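In the working numbering, the protein residues as written are 1 to 301. Heads up, the thing below is written out as structure tokens.
Structural data, given as structure tokens:
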């Protein structure tokens, strides 16, 4: 009776894990944070010592860690595994899950990871990550605690988690591609603006470089850094509305010309305000010429 009750409780716990992770996938956008939380839950419910996720590098035909949990996780992230080599390489090549209760008895086991990290692998459960019919990586859990073996229930749970992980990685990749396309587009626009003024050509790219160096030293938060990067790229976009005769004037600007030039932060802010993806950065563009002593413009803060 106790054994039956224990099995029911375990099934309930596994179902709770799937529900919890589904909520995580829908609420967290950062892929590193998401994978870390999901793998942590997998370790807890499957009593595993460590876990990791590999992506396939299609250029080199190798697998590399994108997440590695456990006491040697940091060291593991530097390692690459050739396609077809080791347990994860086999799973990636054949697209099938694999139980290995004792790695020392399996010819496919790749010792290189243990040798470099000093981690001792005893057993592995690895499953392929498949998105849109294509194998994009492998997820694995290592060393079931108490010298026990991973079982079919573990496999079914991990396959379900792997399906969610694969979709999340694919979505993150698509988002990254779109984000890079977006950044490339706004860079092209800003380079065209910079090119209007021979005295500031390349200025925006230098502002990006120095802004990120300062920002990373203060707060390395990814979202904040992205906002700073975009703001730095676009800070002078308002110059698109400044006449060429003012931008290209080789000598000193007249009072009227300088007053017109000082409109570019407001013009830039008005350009990005209607763009949903950018309007939160409006104040960054508007106030980039303000000064600590209040002598800046347009508001003299």
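Even glycine gets a Cβ: it sits at the ideal position worked out from N, Cα and C. Given the structure is predicted, the values throughout are model-derived calculations rather than measurements.
Reference residue i, options the options, closest by Cα
i, options, result
"residue 205", "217, 72, 75, 186", "186"
"residue 157", "126, 82, 241, 251", "126"
"residue 137", "151, 162, 238, 47", "162"
"residue 118", "54, 76, 90", "76"
"residue 321", "238, 293, 262, 57", "In the structure as shown, the chain begins at 1 and stops at 301. Residue 321 is therefore absent and cannot be evaluated."
"residue 96", "130, 103, 121", "130"
"residue 68", "296, 140, 240", "140"
"residue 237", "245, 229, 48, 271", "271"
"residue 183", "196, 170, 208, 171", "208"
"residue 120", "180, 50, 217", "50"
"residue 260", "293, 297, 152", "297"
"residue 287", "276, 180, 301", "301"
"residue 239", "170, 214, 253, 263", "263"
"residue 124", "221, 108, 196", "108"
"residue 147", "102, 291, 133, 43", "102"
"residue 212", "110, 222, 229", "229"
Continuous alpha helix (DSSP H) stretch holding residue i: start and end
i, result
"residue 74", "73 to 76"
"residue 271", "264 to 272"
"residue 247", "244 to 247"
"residue 283", "282 to 286"
"residue 87", "86 to 94"
"residue 255", "255 to 261"
Other residues of its chain near residue i: CB distance less than 7 angstroms, five sequence neighbours each side excluded
i, result
"residue 194", "200, 201, 202, 203, 204"
"residue 165", "35, 38, 53, 129, 139"
"residue 154", "46, 125"
Cβ shell of residue i (< 8 angstroms), same chain only, five flanking positions each side left out
i, result
"residue 280", "227"
"residue 106", "87, 100"
"residue 273", "279, 282"
"residue 257", "246, 249"
"residue 92", "54, 56, 63, 83, 84, 128, 135, 137, 138"
"residue 253", "246, 261"
Span of the beta strand (DSSP E) around residue i
i, result
"residue 306", "There is simply no residue 306 to check, as the chain begins at 1 and stops at 301 in what is shown."
"residue 62", "62 to 69"
"residue 80", "80 to 82"
Same chain, Cβ closer than 6 angstroms to residue i, neighbours up to 5 away in sequence not counted
i, result
"residue 47", "144, 145"
"residue 241", "267"
"residue 294", "300"
"residue 290", "296, 301"
"residue 43", "51"
Proximity test, residue i beta-carbon vs the ligand HEM heavy atom, cut-off 7 angstroms
i, result
"residue 94", "This structure does not include the ligand HEM; it has no bound ligands of any sort."
Chain C contact for residue i (CB, 8 angstroms cutoff)
i, result
"residue 34", "Of the protein chains in the structure, only one exists, and it is not chain C."
Tell me whether the segment 54 to 62 and the segment 30 to 38 touch, counting them as touching only if at least three CB pairs, one residue from each stretch, are closer than 8 angstroms. Counting Cβ pairs under 8 angstroms, fewer than three are found: no touch.
Decide yes or no for the touch test of the segment 258 to 269 against the segment 163 to 182: beta carbon pairs closer than 8 angstroms, at least 3 of them. No contact exists between the segment 258 to 269 and the segment 163 to 182.
How do the segment 184 to 194 and the segment 229 to 238 stand: do at least 3 beta-carbon pairs fall below 8 angstroms, yes or no? The segment 184 to 194 makes contact with the segment 229 to 238, as at least three CB pairs between them are under 8 angstroms.
Would you check if there are 3 or more beta carbon pairs closer than 8 angstroms linking the segment 63 to 82 to the segment 107 to 126? Yes: at least three Cβ pairs fall under 8 angstroms.
Do three or more CB pairs link the segment 150 to 168 to the segment 78 to 96 at distances below 8 angstroms? With a cut-off of 8 angstroms, the segment 78 to 96 and the segment 150 to 168 do not count as touching, because too few Cβ pairs lie within range.
Mind pulling the alpha helix (DSSP H) runs of 4 or more residues that sit fully within the segment 163 to 241? Within the segment 163 to 241, the complete alpha helix (DSSP H) runs of at least 4 residues are 203 to 218, 222 to 234.
Could I get the ranges of all uninterrupted beta strand (DSSP E) runs contained in the segment 101 to 148, with 3 residues as the minimum, in chain order? The qualifying runs are 124 to 131, 134 to 144.
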